[in-house]
Amino acid sequence: MIYKSLHGTKLSKEQINRLCNKGWILERAFHVYKNKTNLVAAVEMNFNGKLKKVVVKNFGWRNTISRIFSPVMRSRAKKSWDASYWLLDAGIFVPKPISVYTERVFGFIKKNFLLTEYISDYYSARRILQDVTFDTELKKNVVKIIAEIISRLHSANLLHNDLTLGNFLVGDIDKDEIYLIDLNRLVYKRRLTLKMKMYDISKMNLCRCNLEQVHENCMWLLFLRNYDQDNYDNNIMVLRKAIAKNRLRKQVKSLRKNKR
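Heads up: the sequence shown is residues -18 to 241, going by our numbering.
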């Protein structure tokens, strides 16, 4: 039994088949952002006789367990679709979702993709903050806006679970236009603890100090002042522990990988 689900802008059968085909996407893409488990690329598509640039994210499988449990799970494309609307409701910029497609065979997810708007002029926050050619004041402004974004995110009881600087796209900074992307791990929690919030934040690598010592012009401190001024001192202590925990997790993961 095959079950197909399409939400958003209507797509033809031919368009759906093409967007399910990673080979077609790679052949037609004018920019490939990622090509690992998931393929993320920008392509041109015809909508009502007009060519439009869009971004397609064609999802693959990270492990067998996820595939086995897929009958009782939303597809990762649908998770990203739902997350986009949660964030838009919270006043957070995301690439506008256009269409989402999931195909199941006997309940098991076989194919799924998400189509979103194409953001043309942007820099990743990682590039801006790590490139010495960018102005210091611009960097500080970017950090302040990111702090406000994550504050709104957490106030809505949402955890992103992959808050790296590469997942923030900086558009028109004068309009505070910073887009949050890679949303398939985002979850809603009835209650967020401070530890949950700080661990969510800990992956951003805003400053090499890792909050081990307080110093002037620390981007972590600038972030925390704009994230939640009222709990600034307590957040420093909890975030310091979260950063150390995240670094240890990475080290353990690296050791396991090297042993294989």
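For every residue, glycine included, the Cβ atom is placed at its ideal position computed from N, Cα and C.
Status (buried if at least 16 other CB within 10 Å, exposed otherwise) for residue i
| i | result |
| --- | --- |
| Trp62 | buried |
| Pro52 | exposed |
| Tyr66 | exposed |
| Ser101 | exposed |
| Asn19 | buried |
| Asn39 | buried |
| Ile46 | exposed |
| Lys240 | exposed |
| Leu69 | exposed |
| Ile(-17) | exposed |
| Lys238 | exposed |
| Met200 | buried |
| Leu146 | buried |
Closest by C-alpha distance to residue i, when choosing among the options
| i | options | result |
| --- | --- | --- |
| Gly41 | Val53, Asn(-2), Lys17 | Lys17 |
| Glu98 | Asp209, Lys15, Tyr160 | Tyr160 |
| Asn191 | Arg228, Thr145, Val35 | Arg228 |
| Asn148 | Ile131, Lys156, Asp155 | Ile131 |
| Tyr180 | Asn27, Ala223, Glu(-5), Asp155 | Ala223 |
| Gly73 | Ile127, Ala58, Leu110 | The amino acid at residue 73 is misidentified as Gly; the sequence shows Ile. Out of Ile127, Ala58, Leu110, Ile127 has the C-alpha closest to the C-alpha of Ile73. |
| Gly4 | Thr(-10), Val24, Cys199 | Val24 |
| Asp163 | Phe50, Ile(-17), Arg57 | Arg57 |
| Val35 | Met177, Thr145, Val81 | Val81 |
| Ser(-7) | Phe28, Ile154, Ile182 | Phe28 |
| Leu175 | Asp143, Asp209, Glu158, Leu146 | Asp209 |
| Asp143 | Phe50, Lys184, Cys188 | Lys184 |
| Val37 | Arg55, Met54, Asn44, Ile(-3) | Ile(-3) |
Length of the line joining the Cα atoms of residue i and residue j
| i | j | result |
| --- | --- | --- |
| Leu236 | Ala22 | 32 Å |
| Leu167 | His135 | 11 Å |
| Pro78 | Lys120 | 28 Å |
| Val123 | Pro76 | 18 Å |
| Leu7 | Arg48 | 24 Å |
| Val233 | Lys31 | 50 Å |
| Glu129 | Asn207 | 6 Å |
| Ala64 | Leu139 | 9 Å |
| Leu110 | Leu95 | 29 Å |
| Met26 | Asp112 | 34 Å |
| Lys(-15) | Arg230 | 38 Å |
| His12 | Leu0 | 15 Å |
| Leu150 | Arg172 | 28 Å |
| Tyr104 | Ile182 | 20 Å |
| Lys178 | Asn165 | 18 Å |
| Lys33 | Asp214 | 48 Å |
| Gly(-11) | Asn186 | 36 Å |
Are three or more beta carbon pairs between the region 183 to 200 and the region 83 to 103 nearer than 8 Å?
Between the region 183 to 200 and the region 83 to 103 there are fewer than three C-beta pairs closer than 8 Å, too few to call the two in contact.
Ignoring anything shorter than 3 residues, give me the beta strand (DSSP E) runs that lie fully in the region 48 to 96, in order along the chain. 78 to 86
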